[in-house]
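A short worksheet on the structure shown next.
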Amino acid sequence: GAVVSQHPSRVICKSGTSVKIECRSLDFQATTMFWYRQFPKQSLMLMATSNEGSKATYEQGVEKDKFLINHASLTLSTLTVTSAHPEDSSFYICSAGGASVTEAFFGQGTRLTVV
Amino acid sequence: GQNIDQPTEMTATEGAIVQINCTYQTSGFNGLFWYQQHAGEAPTFLSYNVLDGLEEKGRFSSFLSRSKGYSYLLLKELQMKDSASYLCAVRDGDYKLSFGAGTTVTVRA
Numbered sequence: 492g493a494v495v496s497q498h499p500s501r502v503i504c505k506s507g508t509s510v511k512i513e514c515r516s517l518d519f520q521a522t523t524m525f526w527y528r529q530f531p532k533q534s535l536m537l538m539a540t541s542n543e544g545s546k547a548t549y550e551q552g553v554e555k556d557k558f559l560i561n562h563a564s565l566t567l568s569t570l571t572v573t574s575a576h577p578e579d580s581s582f583y584i585c586s587a588g589g590a591s592v593t594e595a596f597f598g599q600g601t602r603l604t605v606v
Numbered sequence: 172g173q174n175i176d177q178p179t180e181m182t183a184t185e186g187a188i189v190q191i192n193c194t195y196q197t198s199g200f201n202g203l204f205w206y207q208q209h210a211g212e213a214p215t216f217l218s219y220n221v222l223d224g225l226e227e228k229g230r231f232s233s234f235l236s237r238s239k240g241y242s243y244l245l246l247k248e249l250q251m252k253d254s255a256s257y258l259c260a261v262r263d264g265d266y267k268l269s270f271g272a273g274t275t276v277t278v279r280a
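Chains as they are written, first to last, in the numbering used here: chain X, 492 to 606; chain B, 172 to 280.
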């Protein structure tokens, strides 16, 4: 099946700094990618939909100036957590897939810890 | 938004069968997915239903009734490694995937 690669898998950063997470579709072109956040023992919550060549669509309650999404090519989307705070510590997961595929493919996830 | 309900926890014995139910209400429907997730890992795909009926894949089967907004995941011949969280997810008319809270299945020897 299709592969989505997410990097880094773990990152620890200081409060106030920014962190960039990459999501790549390795063997297919993804016009749309999705970014999720998962807190411990909770389900995945959709943060935003990343569209190639256009602005991302954010879910209600997600700050677009804090979580910057760039989808400059059909194989790469990035999520930048700006001015990170301890409450941003979470598991961030990207996925790709759309109408032409029967499953959504997930990256490996990124464990972000802000200290 | 979407409303997806599934039980929080289930416990079963090794070798037994467990059925995880999922009910949903969505604006538009483009498929229902089941994922398995072990702690600290990304979800892994188990099954996909877009038409009514039963899809069987080895020890795992998934059923869908669109008119009832209902699905279940059936796990047969349970093994210890099946202890995990099982997520029901629905793809809506905009092809966004929304997840239920997950059902934690514990398999006991």
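Ideal Cβ placement from N, Cα and C applies to all residues, glycine included.
{"query": "What alpha helix (DSSP H) runs, 4 residues minimum, are completely inside the region 500 to 586 of chain X?", "result": "none"}
{"query": "Run through DSSP, which three-state label would residue 223/B get?", "result": "coil"}
{"query": "Buried or exposed for residue 209/B, going by 16 or more other Cβ atoms inside 10 Å?", "result": "exposed"}
{"query": "If you drop the 5 nearest sequence neighbours on each side, which residues of the same chain put their C-beta closer than 8 Å to that of residue 573/X?", "result": "509, 556, 557, 558, 559"}
{"query": "Between residue 280/B and residue 222/B, what straight-line distance do the alpha-carbon atoms span, to the nearest angstrom?", "result": "36 Å"}
{"query": "Please list the terminal residues of the continuous beta strand (DSSP E) segment that includes residue 261/B.", "result": "255 to 262"}
{"query": "Kindly indicate if chain X contains any beta-carbon less than 8 Å away from that of residue 228/B.", "result": "no"}
{"query": "Could you name the residues that DSSP lists as bridge partners for residue 195/B?", "result": "175/B"}
{"query": "Where does residue 601/X land, buried or exposed, given buried means 16+ other C-beta within 10 angstroms?", "result": "buried"}
{"query": "Is residue 241/B near residue 201/B, with beta carbons less than 8 Å apart?", "result": "no"}
{"query": "Less than 8 Å separating the beta-carbons of residue 515/X and residue 566/X?", "result": "yes"}
{"query": "State yes or no: is the beta carbon of residue 269/B nearer than 8 Å to at least one beta carbon in chain X?", "result": "yes"}
{"query": "Going by DSSP in three states, residue 247/B sits in which element: helix, strand or coil?", "result": "coil"}
{"query": "Using a beta-carbon distance below 8 Å, is residue 258/B in contact with chain X?", "result": "yes"}
{"query": "Can you find a C-beta in chain B that's less than 8 Å from the C-beta of residue 533/X?", "result": "yes"}
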